[in-house]
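Okay, so here's the structure we're looking at.
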Amino acid sequence: MRRLPVPATLTLPVAATALLLAACGGGTSSTSTSPATVGANPSTAASASAPASGSVVGGTTVATGSGPAGTFLTDGSGKTLYLFMADKAGASTCAGACARAWPPLTTTAAPAASGAALASDLGTIMRSDGTTQVTYHGHPLYYYEDDKKAGQTEGQGSTEFGAKWWLVAPSGSAITTGGSGSTGAGAGGGGY
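Residue 165 in the working numbering is what sits at position 178 of the sequence shown, and the numbering runs on without skipping anything.
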């Protein structure tokens, strides 16, 4: 039987398409909310500022720090974390301008606990923008844009975007002492 030559202009695009399909094919992804424990020491890590988007590469660590208000949650670099009293039933109500002022703590893998933070209280939720936000004892966690370095608690007791923002104790409860009680530019709701 005689074979007909196949033009090179047809062979190359078919091979490229097959390679592309093989690279993109069939994989699935899942998000795990099972925590891991990491022995990182948050006091040895340094951070100049919270990530602008709150995002981190891979899993993130929830640790603890201390100050005049007591022991509170931080990220692995010592940046203070807050809860928003408007959030209900493990869902974030902070988006848009609110999320720019109070960036969510997000992750791309299971969060880990360090220090006095409890691994059993860690979890994640899916935000309306498709990112995965870290929760603690059911509370979505946030940074405050005016906390420029590790250990700052400028957002403590602020009323912005219609509700109070508080530090989070290792027990998962809001720390309602030591607050500034300031009303920020986002007060009065809206923005989310």
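Every residue gets a Cβ at the ideal spot worked out from N, C-alpha and C, and that includes glycine.
Beta-carbon proximity list for residue i, same chain, < 6 angstroms, skipping 5 on both sides
{"i": "Val25", "result": "Only weak support is given to the placement of Val25: the predicted model assigns it a pLDDT of 30, under 50, and the question is left unresolved by the model."}
{"i": "Thr118", "result": "Thr93"}
{"i": "His126", "result": "Leu70"}
Nearest candidate by alpha-carbon position, reference residue i, set the options
{"i": "Val121", "options": "Gln139, Thr140, Asp134 and Ala106", "result": "Ala106"}
{"i": "Asp116", "options": "Thr140, Tyr123 and Ser79", "result": "Ser79"}
{"i": "Pro90", "options": "Ala76, Lys75, Leu109 and Arg114", "result": "Arg114"}
{"i": "Cys81", "options": "Ala156, Leu109, Thr140 and Leu128", "result": "Leu128"}
{"i": "His124", "options": "Ser53, Asp108 and Lys135", "result": "Asp108"}
{"i": "Tyr130", "options": "Glu147, Ala161 and Leu68", "result": "Leu68"}
{"i": "Ala86", "options": "Glu147, Trp153 and Leu154", "result": "Glu147"}
Exposed unless 16 or more other CB atoms sit within 10 angstroms - verdict on residue i
{"i": "Pro55", "result": "exposed"}
{"i": "Asp133", "result": "exposed"}
{"i": "Thr164", "result": "exposed"}
{"i": "Gly57", "result": "exposed"}
{"i": "Thr140", "result": "buried"}
{"i": "Lys75", "result": "exposed"}
{"i": "Thr111", "result": "buried"}
{"i": "Ala161", "result": "buried"}
Sub-8 angstroms separation of residue i and residue j beta-carbons
{"i": "Gly46", "j": "Ala97", "result": "yes"}
{"i": "Ala156", "j": "Lys66", "result": "no"}
{"i": "Gly149", "j": "Ala88", "result": "no"}
Whole-number beta carbon distance between residue j and residue i, since they are thought to touch under 8 angstroms
{"i": "Ala104", "j": "Leu60", "result": "6 angstroms"}
{"i": "Lys151", "j": "Gly142", "result": "Their Cβ separation, rounded to whole angstroms, is 10 angstroms, which puts Lys151 and Gly142 out of contact at 8 angstroms."}
Neighbour flag for residue i against chain B, beta carbons, 8 angstroms
{"i": "Leu70", "result": "Going by chain labels, chain B is absent from the structure shown, which holds only one protein chain."}
Contacts around residue i, its chain only, beta-carbon distance under 7 angstroms, and the 5 residues preceding and following it disregarded
{"i": "Gly77", "result": "Ile112, Thr122 and Gly125"}
Cut-off 8 angstroms between Cβ atoms - residues of its own chain near residue i, not counting five sequence neighbours on either side
{"i": "Trp153", "result": "Tyr69, Leu70, Met72, Gln143, Gly144, Ala161, Ile162, Thr163 and Gly166"}
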